[in-house]
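Student:
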Amino acid sequence: MALAEPDSAEASWDCQTCGACCSYSSEWPRFTMESDEALDLIPPQFVAADERGMRCDNERCSALAGRVGVSTSCTIYEVRPDVCRACSPGDHACRTARAAFGLI
Ligand code: SF4
Ligand code: SF4
36 MALAEPDSAE ASWDCQTCGA CCSYSSEWPR FTMESDEALD LIPPQFVAAD ERGMRCDNER
96 CSALAGRVGV STSCTIYEVR PDVCRACSPG DHACRTARAA FGLI
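Counting in the working numbering, the sequence shown runs from 36 upward without gaps.
1) Could you tell me if the beta carbon of C96 falls within a distance shorter than 7 Å of some heavy atom in ligand 2?
2) In terms of residue numbering, what span does the beta strand (DSSP E) encompassing A100 cover?
3) Work out the CA separation of T110 and D85 for me, nearest whole Å.
4) Taking 7 Å as the cut-off, is the beta-carbon of R133 closer than that to any non-hydrogen atom of ligand 2?
5) Within 8 Å, do at least three Cβ pairs link the segment 99-113 to the segment 52-71?
6) Within the continuous beta strand (DSSP E) that includes T107, where are the two ends?
7) Would you say the segment 71-79 touches the segment 120-133, given that touching needs at least three Cβ pairs under 8 Å?
8) For D99, is the beta carbon positioned less than 7 Å from some heavy atom of ligand 2?
9) With R90 as the anchor, note down where its alpha helix (DSSP H) starts and where it stops.
10) Between E94 and chain D, is there a C-beta pair that is closer than 8 Å?
Okay, here's the thing in structure tokens:
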């Protein structure tokens, strides 16, 4: 099934006042096709014990700073995993996460 394209309002959602997708599920920030060199750039305190993704505190990624829905930032933004780069404001994952935090 094709996903609906985000409308202009969704596409303008500001990640820095959100952080929902970084706090939705510990299963989301998992590593995929990153090279060993790319993964080595992620500080080890933020990596899960099984080394298959980001370490989460409950469902929230440990690299997320701030308060969801108010002001947030990724503290490893420059070296974040591929899945984090793929999530865009207004896409399906974004809308799912925002809805869970009452941000729609
Ligand atoms: S849920 Fe959407 S708007 Fe919020 S941080 Fe993630 S991509 Fe950005
Ligand atoms: S690494 Fe950064 S962008 Fe990815 S889930 Fe964690 S805080 Fe969010």
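For each residue, glycine too, the CB sits at the ideal point set by N, CA and C.
Tutor: With the given structure in hand:
1) yes
2) 99-102
3) 21 Å
4) no
5) Yes: the two stretches touch, three or more of their Cβ pairs being nearer than 8 Å.
6) It spans 106-109 - the beta strand (DSSP E) in which T107 sits, taken as one unbroken run.
7) no
8) Looking at the sequence itself, residue 99 is Leu, so the reference to Asp does not match. At least one heavy atom of ligand 2 is nearer than 7 Å to the Cβ of L99, so yes.
9) Per DSSP, R90 belongs to no alpha helix (DSSP H) and is neither H nor E.
10) In the displayed structure, chain D is absent; only one protein chain is listed.
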